[in-house]
Every structure is written in C-alpha cells, then in structure tokens.
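Quick note: the numbering used here has the sequence shown finishing at residue 248, numbered continuously throughout. All C-beta atoms in this analysis are idealised placements derived from N, C-alpha and C, irrespective of residue type, glycine included. A short worksheet on the structure shown next.
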Amino acid sequence: MHFSDAQLLGWLQQYAWPFLRISGVLMTVPVFSSHQISARARVLLALLLSLIIAPVLPAAPAIALWSAAWWMAVFQQLAIGALIGVILQFVFEAVTLSAELMSATAGLSFAQLVDPLRGVTVPVLAQLLTIFSTLVFLAMGGHLLLFEYLARSFTLMPVGDSGLGLEEMGGILRASSRLFVDGLGLALPVLLGLLVLNLALGVISRAAPSLNLFAVGFPLTLLAVLLLLQLALPSYGERVQQLFDQAWVTIVQLLRRH
C-alpha cells in the first residue's frame, strides 16, 4: 500500500491542529494550567484529547509545511485555545480581586501565601477562595464542559477560517472590563459587614476614648471576617457559578461570530 506525500501531510495535520488548539487551552485554563501540573502531563493530555477528537472533526485543509499560511494557522490555533482559557481565567481573577478587597478592608493584607494555581503570592483569603472556586468549577462539571466546547470549537471556528479579528478581540476586552465589577460584587456582602463594624468601632471610640481600639478592633475584625465569610459562602458559590456560566456564554459567542 502506497500513500502519497499529500495524504500523509493531510493525516498529520488532521491531528496536529487539534493538538495545537488544545495545548493553547491547557496553557491558560484554570486548574490545568496550575504549576503543580507538569508540562509533560499537559502535553500528554493534549495528545490524548487530540487522538479522541480528531477522527470526528471535519477534514482540515492541507497547508504546505513551513509556509507563511502554515505559521499563521499554527498561531491561530494556539491563540484560539489560549483565549478560551483566558476567558475562564477571568473568573478566578475576579475571585482573587474580591479576596484582595476583603483583606485590605480587614487589615489582613500582610498574611500572604503562594497561590498553587498561578505560583504568585496572594493573601490567605485569596488562596482560600481560589480553592473554593476550583471546587465549584469541578463540581459543576467545568472540566467536562471545557472538553465539550473544545470539540465544538472546531465546528464553529474550523481550521483555515479567518480566525480572530478585531470584533472577537473587542469581545475579549469587554469580558476583561467586567473583572473589577465582578470582583467587587463578590466581595460586597463582606465589605458592607466590615463597614458596619468599623462604624460601630468609631462610635465606641467616641463614647469611650480610653479604650484601646488597636487591641480590641483587630481581633473583632478578624472574627467578623470569618463569620461573614461563613454566612456569605453559599451565595458566594452561587455567584461564582453564575460567572462561570457567563464565561461559557462568552466563549460560545466568540466562536459563533463566524
């Protein structure tokens, strides 16, 4: 049995394009892009998913190796996958921002730990809420939805398509512009509770000037943060789930523009 060079190139690219797009996703998407997951594990996972997805995808156009069109297609597949992961990463950035706001208001910004997902130093509350949001993401089947939308992306935005244009990049920028609003919305219940506590401490300091607020205020603030988090955590989880749902909608809208 003899195969022509064109046939071999077509079969190779049929698996190479999904591998590149999936690799782009795994470099940026939450959970899978964690520093605790080795690069070798991500490459093997991308290869496995490519072997599963490629046979059911529409035939990819054959592009001459090392040509300008080939390099452009490689960049497009990596960029499409990376942007899918970045849209989901915006949710975790909003969670981190909400924890930063709560920590700054409660005076806990000095308590820093290393975030296992990103490898950067964040407040203790940020690490706690990041782990909580990761559990929400996995509990709602986010990892399975990710693989489903990855497979659908090759139908909605096939290889050889015009790729990402100014309109698509504008959609990404609009999604990123909601980051501060989402983070503030997540932190708002705790911030309002701390505001009431600070007002009460101010009234107490006026009524009893001899009271040492530095000795009393910090333990009360710490206790209030823990109690407010316990009360707000159920609604916090629901809001995080809503943000993930919005992220999936944004991803579908991005892919359906073509």
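Quick one: Cα of Glu90 to Cα of Pro113, how far? Going by the C-alpha atoms only, they are around 7 Å apart.
Is the beta carbon of Phe65 less than 8 Å from the beta carbon of Ser166? In this structure, Ser166 does not lie closer than 8 Å to Phe65 by Cβ.
Cut-off 8 Å between Cβ atoms - residues of its own chain near Trp238, not counting five sequence neighbours on either side: So the qualifying residues of the chain are Leu135 and Tyr139.
Are the Cβ atoms of Thr18 and Ala96 separated by less than 8 Å? One thing to note: Thr18 has its Cβ no nearer than 8 Å to the Cβ of Ala96.
Cβ-Cβ distance between Ile70 and Arg11 below 8 Å: The criterion of a C-beta distance shorter than 8 Å is satisfied by Ile70 and Arg11.
Stretch pair the stretch 174 to 182 + the stretch 211 to 228: three plus CB contacts closer than 8 Å: Under the 8 Å Cβ criterion, the stretch 174 to 182 counts as touching the stretch 211 to 228, having at least three qualifying pairs.
Measure the alpha-carbon distance for Val149 versus Arg142 and round it to whole angstroms. Straight-line Cα distance between these residues: approximately 12 Å.
Own chain, CB closer than 8 Å to Thr240, minus 5 neighbours either side, in chain order: Ile77, Gly161 and Ala165, listed in sequence order.
Is the Cβ-Cβ distance between Ala116 and Leu169 less than 8 Å? Result no, Cβ atoms of Ala116 and Leu169 do not sit closer than 8 Å.
List the whole-angstrom C-beta distance separating Gln231 from Met130, where the pair is believed to meet the contact cut-off of C-beta under 8 Å. About 6 Å separates the beta carbons of Gln231 and Met130, which is inside the 8 Å limit, making them a contact pair.
Along the alpha helix (DSSP H) that carries Pro209, what are the first and last residues, could you check? Its alpha helix (DSSP H) spans residues Leu203 to Leu245.
Compare the Cα-Cα distances from Thr124 to each of Pro8, Phe22 and Val242 and report the closest residue. For Thr124, the closest C-alpha among the options Pro8, Phe22 and Val242 is that of Phe22.
Quick one, are the C-beta atoms of Thr86 and Thr111 less than 8 Å apart? In this structure, the beta-carbon distance from Thr86 to Thr111 does not fall below 8 Å.
When DSSP builds the beta bridges, which residues end up paired with Gln102? DSSP, once it has assigned bridges, lists Pro113 as partnering Gln102.
Please report how far the alpha carbon of Pro20 lies from the alpha carbon of Val126, in whole angstroms. So the alpha carbons of these two residues sit roughly 12 Å apart.
Determine the extent of the alpha helix (DSSP H) in which Val43 is found, giving its start and end residues. Contrary to the premise, residue 43 reads as Ile rather than Val in this sequence. Counted as a single uninterrupted DSSP element, the alpha helix (DSSP H) harbouring Ile43 occupies residues Ala29 to Ile43.
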